[in-house]
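For reference, the structure discussed in these notes is given below.
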Amino acid sequence: MHLIEAPASTDPAFNLAMEEQCLLNLPMDRDYLLLYVNGPSIVVGKHQNAVQEINTDIVEDQGIPVHRRISGGGTVYHDEGNLNFSIIRRYETRYFNNYSLSTGLVAEALRRMGVPAGLNGRGDILVDGRKVSGNAQAVRRDRMVSHGTLLFRSRLDLIGPALHPKPGTFTSHGRPSVRSAVANIGDHLPAAMTMAEFRAALLAELFRGTTMQTTPALDLAEQAEALATDKYRTWEWNYGRSPDFSLEREKRIGNCEVGLQLRVEKGRVAAIGISGDLPDKDRLRHVEQVLHGVRYRRDEILGALTEAGADKLTQGATPGDWARLVY
125 MHLIEAPAST DPAFNLAMEE QCLLNLPMDR DYLLLYVNGP SIVVGKHQNA VQEINTDIVE
185 DQGIPVHRRI SGGGTVYHDE GNLNFSIIRR YETRYFNNYS LSTGLVAEAL RRMGVPAGLN
245 GRGDILVDGR KVSGNAQAVR RDRMVSHGTL LFRSRLDLIG PALHPKPGTF TSHGRPSVRS
305 AVANIGDHLP AAMTMAEFRA ALLAELFRGT TMQTTPALDL AEQAEALATD KYRTWEWNYG
365 RSPDFSLERE KRIGNCEVGL QLRVEKGRVA AIGISGDLPD KDRLRHVEQV LHGVRYRRDE
425 ILGALTEAGA DKLTQGATPG DWARLVY
């Protein structure tokens, strides 16, 4: 296995693009390992409904970017206290859904570092029953990647709230995440380490008994940046690719209790009904009409609600209050 030398970046869109470019372009005469750290971000699985996995208010208010990866699996939170690993190799049936031959190598390295790590049936790495690594796979032609997170000293206090959706009933064919209690690897190491020391120690154990060789991938940086711009930074990929869904939600807005019935198809509002003891039914119907066809993102929903005069539907409410109902 060769360690990939990639440009140092904490941009999740660039790092996801670099991983994909390495998967598609590196020669498959050996296995590769890619390590990287992202800034605060949320990464959803390819087949997931993004808004069903996150608290949209927290994500929008704190400016946490949401990105979709090319593999399945569940939603994960990234920050500078989380180390990501990708094992890229030629596709063989014995590797597919057999995490003991990919993530298992990482768990074994952690055990040699003094961390009581083991795998569960989904390929997650657990320490004392708590998840420290979520994992997934993707296949491209004769190639595959097995990748995962390593919670080293991540902000666990942010993971729960950010990945806890707002109240409401979703109906969707998206694959929901399996919620798990999480822990940091750093709390289970025999001695305190920095992220750089942890990365170096992990590499030493992964390459124990062999000479660590490297494969430069700096020449893929330009292609990776282009892919990040065209794909991983776009609403169309990160949110628009979510499966169609329906949402029902109730909320007090101003002095009224209101209900929402919403249908989103191909990332746009396909049907919407707002109920409640609202006096101006004509304006309410106008608001619903203006929202129809709008892309399901908060800024565009807020713009449509402002244009339609949603603040006049009930006393003491702003278009932003209505946007938090719809999105």
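Heads up: the sequence shown begins at 125 in the working numbering, then just goes up one per residue. All residues carry an ideal CB built from backbone N, CA and C; glycine is no exception. What you are looking at is a predicted structure, and each value in this text was computed from that prediction instead of being measured.
Within the DSSP bridge table, the entry for residue 209 names 159, 272 as partners. By the Cβ rule, the stretch 141-158 does not count as touching the stretch 181-189, because fewer than three pairs are nearer than 8 Å. Here residue 142 is buried. Its C-beta has 16 or more other C-beta atoms within 10 Å.
DSSP places residue 375 in the uninterrupted beta strand (DSSP E) bounded by 369-377.
The three-state reading of DSSP puts residue 340 in strand, counting E and B together.
About 5 Å separates the beta carbon of residue 352 from that of residue 138, a gap short enough to meet the 8 Å contact definition. Residue 180: member of the alpha helix (DSSP H) spanning 180-186, first to last residue. Per DSSP, the continuous beta strand (DSSP E) segment holding residue 394 begins and ends at 392-400. According to the DSSP assignment, residue 129 belongs to no alpha helix (DSSP H) but to the beta strand (DSSP E) extending over 126-129. Residue state for residue 334 is assigned as coil, using DSSP reduced to three classes. Sequence-distant Cβ neighbours of residue 219 in its own chain, meaning closer than 6 Å and more than five residues away, are 225. In the DSSP assignment, residue 259 falls within the beta strand (DSSP E) that extends over 259-264. Closest in C-alpha terms to residue 370, from the list 355, 393, 376, comes 393.
The stretch 338-348 and the stretch 166-175 do not touch, with fewer than three beta-carbon pairs separated by less than 8 Å. Going by beta carbons, residue 275 and residue 179 fall outside the 8 Å limit. Spanning the alpha carbons of residue 192 and residue 199 requires a straight line of approximately 9 Å. Residue pairing by DSSP places residue 168 opposite 192 in a beta bridge.
Between the C-alpha atoms of residue 238 and residue 151 there is a straight-line separation of about 35 Å. One Cα belongs to residue 284, the other to residue 436, and the distance between them is close to 35 Å.
If you check the CB distance, residue 441 and residue 378 come in under 8 Å. A contact between stretches requires three or more CB pairs, one per stretch, nearer than 8 Å, and the stretch 253-266 meets this requirement with the stretch 306-314. In the structure shown, residue 412 falls within a helical segment according to DSSP collapsed to helix, strand and coil.
In the structure shown, the three-state DSSP call for residue 418 is coil.
For residue 385, DSSP records a beta bridge to 372, 397.
Membership of residue 450 in the alpha helix (DSSP H) is indicated by the continuous run 443-450.
In this structure, the CA atom of residue 130 is about 20 Å from the CA atom of residue 167. With fewer than 16 other Cβ atoms inside 10 Å of its own Cβ, residue 288 counts as exposed. For residue 242, the enclosing beta strand (DSSP E) starts and ends at 241-243. Sequence-distant partners of residue 387 (beyond 5 residues in either direction) whose C-beta falls short of 6 Å from its own C-beta, in its chain, are 370, 394, 395.
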